[in-house]
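Enquirer:
Number of protein chains: 2
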Amino acid sequence: MRNRSVTYSAETAFHALAHPTRRAVLDLLRQGSQPAGRIASAFPVSRPAISKHLRLLRRAHLVQERREGRHRLYQLNPEPLKAVDSWLDQYRVFWRANLSSLKTFVEGEYAKESSRLQKKK
Amino acid sequence: MRNRSVTYSAETAFHALAHPTRRAVLDLLRQGSQPAGRIASAFPVSRPAISKHLRLLRRAHLVQERREGRHRLYQLNPEPLKAVDSWLDQYRVFWRANLSSLKTFVEGEYAKESSRLQKKK
DNA sequence: ATTTAGCGTAACCGTATAGTTACGCATTAT
DNA sequence: ATAATGCGTAACTATACGGTTACGCTAAAT
Numbered sequence: 000m001r002n003r004s005v006t007y008s009a010e011t012a013f014h015a016l017a018h019p020t021r022r023a024v025l026d027l028l029r030q031g032s033q034p035a036g037r038i039a040s041a042f043p044v045s046r047p048a049i050s051k052h053l054r055l056l057r058r059a060h061l062v063q064e065r066r067e068g069r070h071r072l073y074q075l076n077p078e079p080l081k082a083v084d085s086w087l088d089q090y091r092v093f094w095r096a097n098l099s100s101l102k103t104f105v106e107g108e109y110a111k112e113s114s115r116l117q118k119k120k
Numbered sequence: 000m001r002n003r004s005v006t007y008s009a010e011t012a013f014h015a016l017a018h019p020t021r022r023a024v025l026d027l028l029r030q031g032s033q034p035a036g037r038i039a040s041a042f043p044v045s046r047p048a049i050s051k052h053l054r055l056l057r058r059a060h061l062v063q064e065r066r067e068g069r070h071r072l073y074q075l076n077p078e079p080l081k082a083v084d085s086w087l088d089q090y091r092v093f094w095r096a097n098l099s100s101l102k103t104f105v106e107g108e109y110a111k112e113s114s115r116l117q118k119k120k
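Protein chains in written order, with numbering that gives the first Met the number 0: chain A, 0 to 120; chain G, 0 to 120.
And the structure:
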């Protein structure tokens, strides 16, 4: 079977990652798939609360659900994180560069724009 | 002067990045610092709305404000993105690994847990 | 000295979020 | 057949969020 690679939007991924509990759920799942109840018991909030976080993670395709008897096993799917990674990619050059030289560059850029700014109306 | 490197929490950064407009603002600032008004004019929402987004980005230390006469120049600060990057780092191994072998690994992990799961009360 | 420009903040509003408890539906155990 | 387990969903509540308009302060322009 061919390795069909799907691309996910960074949009839903970023949104899903915004909540600390959801990031912690993913962190937990790095150790292996776990049933919903076990995931819930790892957090100080109620089971339905976790259930809702899991739904959001499912929608973001960050986890996959698999029914196993009366259990629902959640498995990590790291694919959408690639989109986050490539968004970050555009910024790596900025934090890798020497910061003071970056500052100079940025200020230079604004200087260039400055005249245009004045002219604008 | 020493290069004092500060570490920022991933928490506020993730939260700030959750909104598409704020990510777009950062994208805009990659081209160089800009005054608030110019930033606002690049978006279909009102100026106060952008002002609030900028406040959030400021709190996350993703931008820095600098007064220049009656202008307020906003400058990108990529530092907190490092925290996001290192969070992602723990996941790179997962998406780099062959997915089918990852699946096998994860299922194996659960199998190992399985007996413990049964015993739990 | 007034006026205009640039921009943040306050007050307000509708909607989304994150949490709760109550309930219901499968699946396994007895 | 009945009871218990695992887990999602509905209904509800409080708070956060993102947007708006109105306002006010400071800096430049006239």
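Glycine included, every Cβ here is placed at the ideal spot set by N, Cα and C.
Quick caveat: nothing in here was measured; it's all calculated off a predicted structure.
Does the Cβ-Cβ distance between Thr11/A and His52/A come in under 8 Å?
Expert: Not a contact, by the Cβ cut-off of 8 Å.
Enquirer: Using a Cβ cut-off of 7 Å, pull out every chain G residue sitting near Tyr90/A, in sequence order please.
Expert: Result: Pro77 and Leu80.
Enquirer: Please tell me whether Gln117/G has its Cβ less than 8 Å away from any Cβ of chain A.
Expert: Any reading at Gln117/G must be qualified, since the residue scores a pLDDT of 40, below 50, and its modelled position is unreliable; the value itself is stated next. By this cut-off, Gln117/G is not an interface position.
Enquirer: My output table needs one value for Val62/G: the three-state DSSP class, helix, strand or coil.
Expert: Strand at Val62/G.
Enquirer: I'd like the span of the alpha helix (DSSP H) that includes Gln89/G, first residue to last.
Expert: That run of the alpha helix (DSSP H) goes Glu78 to Arg95.
Enquirer: If we count Cβ pairs, one from each stretch, closer than 8 Å, do we get three or more for the region 61 to 70 of chain A versus the region 40 to 49 of chain A?
Expert: Touching, no.
Enquirer: Three-state secondary structure (DSSP) at Arg69/G?
Expert: Arg69/G falls in the coil class under three-state DSSP.
Enquirer: Which residue's Cα is closest to the Cα of Phe13/G: Ala35/G, Pro34/G and Glu78/G?
Expert: The candidate whose alpha carbon is nearest that of Phe13/G is Glu78/G.
Enquirer: Taking any Cβ of chain A, which residues in the region 41 to 74 of chain G have a Cβ under 7 Å from it, in chain order?
Expert: The residues in question are Leu72 and Gln74.
Enquirer: Taking the straight line between their C-alpha atoms, what separation do you get for Pro43/A and Gln74/G?
Expert: Whole-angstrom Cα-Cα distance: 39 Å.
Enquirer: Mind checking which residues open and close the alpha helix (DSSP H) that includes Phe13/G?
Expert: Ala9 to Leu16 is the span of the alpha helix (DSSP H), which, as asked, contains Phe13/G.
Enquirer: Taking Val62/G as the reference, give the member of Asn76/G, Gln30/G and Arg91/G with the closest Cα.
Expert: Nearest of Asn76/G, Gln30/G and Arg91/G to Val62/G, Cα basis: Asn76/G.
Enquirer: Classify Pro43/A as helix, strand or coil using the three-state DSSP reduction.
Expert: Coil.
Enquirer: Using a C-beta to C-beta distance shorter than 8 Å, which residues of chain G count as neighbours of Ala17/A?
Expert: The answer, in chain order, is Phe13, His14, Leu16 and Ala17.
Enquirer: With three or more beta-carbon pairs closer than 8 Å as the criterion, would you say the region 84 to 95 of chain G touches the region 35 to 42 of chain G?
Expert: Because the criterion of three Cβ pairs below 8 Å is not met, the region 84 to 95 of chain G and the region 35 to 42 of chain G do not touch.
Enquirer: Just to make sure I have the definition right: I need the residues of chain G whose C-beta is within less than 7 Å of the C-beta of Val83/A. Which are they?
Expert: Those within 7 Å of Val83/A in chain G are Leu87.
Enquirer: What residue range is occupied by the uninterrupted alpha helix (DSSP H) comprising Arg22/A?
Expert: From DSSP, the alpha helix (DSSP H) with Arg22/A extends over Pro19 to Leu28.
Enquirer: Whole angstroms are fine: how far does the CA of Leu87/A sit from the CA of Lys81/A?
Expert: Using only the alpha carbons, I get a separation of about 10 Å.
Enquirer: Would DSSP call Lys111/G helix, strand or coil?
Expert: Bear in mind that a pLDDT of 47 at Lys111/G, under 50, signals an unreliable position, so the model cannot answer this.
Enquirer: Could you compute how far the alpha carbon of Arg29/A sits from the alpha carbon of Ser85/A?
Expert: The straight-line gap from Cα to Cα measures roughly 21 Å.
Enquirer: For Ser4/G, is the classification buried or exposed, using 16 other Cβ atoms within 10 angstroms of its Cβ as the cut-off for buried?
Expert: Counting Cβ neighbours within 10 Å, Ser4/G comes out exposed, since fewer than 16 surround it.
Enquirer: Pick out whichever of Ala9/G, Ala15/G, His18/G and Arg22/G has its Cα sitting closest to the Cα of Gln89/A.
Expert: Out of Ala9/G, Ala15/G, His18/G and Arg22/G, Arg22/G has the C-alpha closest to the C-alpha of Gln89/A.
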